[in-house]
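Single-structure report; data block below.
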Amino acid sequence: MADTQTLSPAPERPRFQRNHERIYDAAISLFAARGPDAVTMEDIADAAGMARSSVFNHFRSKTLILATFFTRMTDQVIAEARAEPARDFRSGLIDLGRIAGTHAMRHAPVVAAIAGLTAPSQPLAPTEQAADAAMLTYMLTLIESGQARGEVRDDHSANALANLLLAVLTASAHEWVAGGQTTDLATLLESRFSLILDGLMQKN
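All letters in the sequence shown, in the order written, are residues 1398 to 1601 by my numbering.
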């Protein structure tokens, strides 16, 4: 006789996590439309259709929401860069700059607010340090693979080269914010990475 057992439906996401994402999405939408400084926690509660106290149960402050966004954006940039077809070091680095620049431009008001809170004495300094560490790890992977293939010079350590590239990425992003975000950050990063690639690539 055939087994007639009915499969149980997949369990629903826990209510707490669903509400957490609902509040986060509402906040990021408001930040993008008005800028974080013009948004209150009550605005976020109204947009999420929840009580103000519920919002504080998930996020104690707007700064914590921005920190979550920064972490998620960094993770997304790295995930998309990893998903690009494996080619060579040059294309991998250019892809990374294009993806990072595109994400930053898509969320320009939020990124601008984050940039103003990442100085050593500011509340998002630890978040930036963690994001930099994740980006550095990915850049090290690119460089070590390039060195193994004979594409990247090996007279400097992979760590030193990765720190150089990270400095270019970070400085370019902060310059873009300070300049009013009027230029194309993806193009700027491509240009600057291309400028230093000749110094990094192995000469045949």
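For glycine and all other residues, C-beta sits at the position ideal for the given N, C-alpha and C. Since this is a predicted model, take the numbers as computed values, not measurements.
- Residue range 1555-1575 is occupied by the alpha helix (DSSP H) that includes Thr1567.
- With respect to the 8 Å criterion, Ile1540 and Val1565 are not classified as neighbours on the basis of their beta carbons.
- A direct Cα-Cα distance of roughly 33 Å separates Thr1567 from Arg1415.
- Taking the C-beta atoms as reference points, Glu1477 is found nearer than 8 Å to Ile1496.
- Met1598 sits in a strand when the DSSP states are folded into three classes.
- Partner residues in the beta bridge of Val1549, as assigned by DSSP, are Met1598.
- Within the segment 1435-1501, the runs of alpha helix (DSSP H) that reach at least 4 residues and sit entirely inside it are, in chain order, 1438-1445, 1449-1455, 1459-1480.
- The DSSP-derived three-state label of Ala1424 is helix.
- Taking 8 Å as the cut-off, the beta carbon of Thr1515 is found no closer than this to the beta carbon of Ala1464.
- In the structure shown, the three-state DSSP call for Thr1584 is helix.
- Ala1555 is not a Cβ neighbour of Val1507, given a cutoff of 8 Å.
- Taken atom to atom, the span from the alpha-carbon of Tyr1535 to that of Asp1472 is near 10 Å.
- The beta-carbon distance between Ala1483 and Ala1570, rounded to whole angstroms, is 26 Å. This is too long to meet the 8 Å contact definition.
- In the DSSP assignment, Ala1512 falls within the unbroken alpha helix (DSSP H) covering 1505-1512.
- In this structure, Trp1573 is the residue among Asp1552, Asn1454, Trp1573 with its C-alpha nearest to the C-alpha of Ile1511.
- Assigned with DSSP and collapsed to three states, Gly1432 falls in coil, not helix or strand.
- Secondary structure at Leu1537: helix, using DSSP grouped into helix, strand and coil.
- In this structure, Thr1460 sits near Pro1520, with a CB-CB distance shorter than 8 Å.
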